[in-house]
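Be aware that the sequence shown starts at -14, since it is given in my numbering, and climbs by one per residue.
All residues carry an ideal CB built from backbone N, CA and C; glycine is no exception.
Report on the structure given below.
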Amino acid sequence: AEEGLRQAQKMEAVGQLTGGIAHDFNNLLTGIVGSLDLMQTRIRQGRSDQIGKYITAALASGHRAAALTHRLLAFARRQPLEPRPVAVDALIAGMEDLLRRTLSERVALDIAAADDLWPTLCDPHQLENAILNLAINARDAMPEGGRLSIAAGNATFGTADARRPAGLAAGAYVRIEVTDTGTGMTPDVIAKAFDPFFTTKPLGQGTGLGLSMIYGFAQQSEGHVAIASEPGRGTSISLYLPRHRGASAAPRPPEDEAEVPFG
Ligand code: ADP
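Structure (structure tokens):
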């Protein structure tokens, strides 16, 4: 029964993916076809001096469609997870330059980690990708500037623990909390935020894949991701990854081809 349910959920996700792609592409194609149509009309009217703006509009839609396919291909090519022991504090410290370059100058960056931080077991590349995507979302939510804080700490939850986030099994975790002072999210947006292709960003700017990928990564790592957000105040996203007990963590993931962010 559980296998059947999982299969049904998978089919639902595939349906959402294809539906989302069809929707975005249809919008972009409508833009291209509409511009070509207007161009043809102007040429028939002998006003071909006026087609410049339609060419510009068609090109812009075409470029956005191409960018969307690139992101989709990168999404489809996703590598299977390769979990290994990870020192999250070292991993985040190694991303500091990248994060500063990603954020605008008007956004202050705070990074903090507990001294006795446990190692976690997860795919370090996927974790870097997740943190980068969270930072991109935070940047987009703070066009006027603000503060982005990334804090890593240990968290243990018992079975009867009232603080245990819904959906997270009892146990020991490393919590990575990414907090911004941006626009925040309405309850409506929070409810849909993890859906593939859900985005409130302008067409061609958001893919709606960032949080759904992070959700999948957290689930597959036997962790969890939770959103706390308030419109006008900001957003805090907590990523829980299981504590690793055993051999020590590698300080840094091996250098490899950079991954495409999905912010
Ligand atoms: P994308 O960033 O491409 O839109 P995501 O899946 O990463 O896709 O995010 C989905 C939506 O969730 C965003 O469009 C935005 O409305 C909302 N969101 C995500 N992160 C934040 C944040 N830090 N602050 C405000 N809204 C956010």
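Query	Result
Could you tell me the alpha carbon to alpha carbon distance between ASP82 and GLY195, rounded to whole angstroms?	21 Å
Using a Cβ-based criterion (distance less than 7 Å to any ligand heavy atom), does ASP9 qualify as near ligand 1?	no
With a threshold of 16 other CB atoms inside 10 Å of the CB of HIS229, please say whether the residue is buried or exposed.	buried
What span of residues does the alpha helix (DSSP H) with HIS209 cover, start to end?	Where HIS209 is concerned, there is no enclosing alpha helix (DSSP H), although the beta strand (DSSP E) it sits in stretches over 209 to 215.
Along the beta strand (DSSP E) that carries ARG86, what are the first and last residues, could you check?	Careful: ARG86 lies outside any beta strand (DSSP E), inside the alpha helix (DSSP H) at 81 to 87.
Is it the case that the CB of ASN122 approaches a heavy atom of ligand 1 more closely than 7 Å?	yes
How would you label ASN114, buried or exposed, when you count the other beta carbons within 10 angstroms and need 16 or more for buried?	buried
For TYR225, which of GLY156, LEU23, ILE40 and GLU129 has the nearest alpha-carbon?	GLY156
What three-state label does DSSP hand THR54 in the structure shown?	helix
What residues are listed by DSSP as bridge partners for TYR200?	DSSP lists no partner for TYR200.
Nearest by alpha-carbon distance to ASP165: which of THR220, GLU90 and THR184 is it?	THR220
According to the neighbour-count rule (16 or more other Cβ atoms, all chains shown, within 10 Å of its Cβ), is ALA151 buried or exposed?	exposed
Measure the C-alpha to C-alpha separation of GLY217 and ILE116 and round it to an integer number of angstroms.	23 Å
Taking SER197 as the reference, which of GLU207, THR184, ARG69 and GLN190 has the closest Cα?	THR184
On the DSSP letters alone, give me the boundaries of the beta strand (DSSP E) that ASP165 sits inside.	156 to 165
Checking 8 Å against the spacing of the C-beta atoms, do ILE6 and SER46 come in under that value?	no
Does the beta-carbon of PHE183, which I'm using as the reference point, lie nearer than 7 Å to any heavy atom of ligand 1?	yes
Alpha carbon to alpha carbon, how far is LEU84 from ILE28?	49 Å
Is LYS38 near ligand 1, going by C-beta to nearest heavy atom under 7 Å?	no
Hey, could you find the ends of the alpha helix (DSSP H) ASP173 is sitting in?	172 to 177
Can you round the beta-carbon distance between ILE175 and ILE212 to whole angstroms, since I take them to be within the 8 Å contact cut?	5 Å
In whole angstroms, what is the alpha-carbon distance linking THR105 and GLU90?	32 Å
For LEU188, I'd like the list of residues in its chain whose CB is within less than 8 Å of its CB, leaving aside the five on either flank, ordered along the chain.	ASP9, ASN12, LEU13 and ARG49
Is the beta carbon of ALA126 within less than 7 Å of some heavy atom of ligand 1?	yes
For GLY231, count neighbouring Cβ atoms within 10 angstroms of its own Cβ and tell me buried if that reaches 16, exposed if not.	exposed
Would GLY193 pass as a contact of PRO181 if the rule is Cβ separation under 8 Å?	yes
If you drop the 5 nearest sequence neighbours on each side, which residues of the same chain put their C-beta closer than 6 Å to that of THR141?	ALA157
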